[in-house]
Ligand code: ES4
Ligand code: ZN
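In the working numbering, the protein residues as written are 129 to 454.
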């Protein structure tokens, strides 16, 4: 089965570039940028990656990305992810990034998008992997901060395929960003939003993402399995779900926990499987995530093929390009 998974052509839609920043690269970038990290070595850094919920994860993730300062840092980050992805037979990837965090440290938007864009072009030439970029709003920062990031990015919108919404959901409902999403859609960008599992007002957030933000996809979204009405709405809109089973694979419910991938398959929802933040999740990239998901959700080879076909159907590409993959 592991060999079948490794050999299958794959696509990935839910991976945070900053979440692919491996400990080794963190040390290398810190050295290059003259920063000192409070860990003796790579092993000690990895041992500090202990979290139990979304906020405790995010604290580690935001602390880790402080070494990203120069255009070449973003190049190296994106290039390393794309090389790894290509080595796992991922043919196409849409990658998130969190520019507000970098703007806060004084890194210009041009350096962030410029470095990633250069890496995408080189990786396509070197490894054949195609990719696109999704700008995420950090929902626990202010609405003004998100709008400033969007305005800084729109002059470079030819390098973006869409916008997303990530980070801490508590007190930060999708509706807070309705104006941002409307502006992004008016600029021709696709839209998606995180509705991570088991968050406060989780069903309300899914509804707002669909109705107020008019998303094309939902990132995670597992709690939809608790609402037949929202399942019907998602099907009417033909929405795709980018599930990351490593950290968000199970929905808490009163009886048994619900397995998200199994539940979505059984409901006929368009589910895709993704790695999220591999550097912080045991360095498990898509192949390892799929191996684990196959066991956890008892997936047959046929179901795995269906999931990867869903993935290529979820891609924000022209129908012409899609034909090459399918
Ligand atoms: C994230 Cl909400 C969420 N989940 C996983 N990774 C993330 N990176 C930024 N926000
Ligand atoms: Zn995510």
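Each residue gets a CB set at the ideal place from its N, CA and C atoms; glycine is no exception. The model shown is predicted, which means the values in this text are computed figures rather than measured ones.
| said: Our contact map puts residue 129 next to residue 422 with C-beta atoms below 8 Å; I'd like the distance itself, whole angstroms only. | reply: Contact flag correct, Cβ pair sits at about 6 Å.
| message | My assumption, with CB atoms under 8 Å, is that residue 379 sits in contact with residue 325. Please give the rounded CB distance. | response | Separation of the CB atoms of residue 379 and residue 325 is rounded to 5 Å, and the pair is thereby assigned contact status at 8 Å.
| request: Look at the alpha carbon of residue 189 and the alpha carbon of residue 408, and state the distance between them as a whole number of angstroms. | output: The straight-line gap from Cα to Cα measures roughly 8 Å.
| Considering only C-alpha positions, which residue in the set 436, 376, 396 is nearest to residue 180? | Of 436, 376, 396, the residue nearest in Cα terms is 376.
| message | Can you tell me whether residue 294 sits near the ligand ES4, meaning its C-beta is under 7 Å from at least one heavy atom of the ligand? | response | Residue 294: yes, Cβ under 7 Å from the ligand ES4.
| Within 7 Å: the Cβ of residue 322 and any heavy atom of the ligand ES4? | Residue 322 has its Cβ nearer than 7 Å to a heavy atom of the ligand ES4.
| task | Please list, in chain order, all residues of the same chain as residue 289 whose beta carbon is under 8 Å from its beta carbon, the five residues on each side excluded. | result | Exclusion of the five residues before and after residue 289 leaves 222, 260, 261, 262, 317, 318, 444 as the residues of its chain whose Cβ lies within less than 8 Å of its Cβ.
| task | May I have the straight-line CA-CA distance separating residue 273 from residue 356, to the nearest angstrom? | result | Each residue's Cα considered, the two are about 36 Å apart.
| When burial is assigned at 16 or more other CB atoms within 10 Å of the CB, is residue 270 buried or exposed? | Residue 270 is exposed by the Cβ-count criterion.
| request: Give me the Cα-Cα distance between residue 164 and residue 252, rounded to the nearest whole angstrom. | output: If you draw a straight line from the Cα of residue 164 to the Cα of residue 252, it comes to about 34 Å.
| request: State the Cα-Cα distance for the pair residue 267 and residue 291, rounded to the nearest angstrom. | output: If you take the alpha carbons of residue 267 and residue 291, they lie about 12 Å apart.
| Under 8 Å between C-beta atoms of residue 220 and residue 258 | Going by C-beta atoms, residue 220 is nearer than 8 Å to residue 258.
| For residue 131, is the classification buried or exposed, using 16 other Cβ atoms within 10 angstroms of its Cβ as the cut-off for buried? | Exposed: under 16 other Cβ atoms inside 10 Å.
| field | Closer than 7 Å: residue 226 CB and nearest the ligand ES4 heavy atom | value | With a cut-off of 7 Å, the C-beta of residue 226 is classified as near the ligand ES4, since at least one heavy atom of the ligand falls inside that distance.
| message | Between the stretch 203-213 and the stretch 231-250, can you find at least three pairs of beta-carbon atoms closer than 8 Å? | response | Remark: three or more beta-carbon pairs, one from each stretch, lie closer than 8 Å, so the stretch 231-250 and the stretch 203-213 are flagged as touching.
| request: Drop a sphere of 10 angstroms on the beta-carbon of residue 195, count the other beta-carbons inside from all chains shown, and report buried for 16 or more, exposed for fewer. | output: So residue 195 ends up on the buried side.
| query | What do you reckon, is the C-beta of residue 404 under 7 Å from a heavy atom of the ligand ZN? | reply | Yes, the beta carbon of residue 404 sits closer than 7 Å to at least one heavy atom of the ligand ZN.
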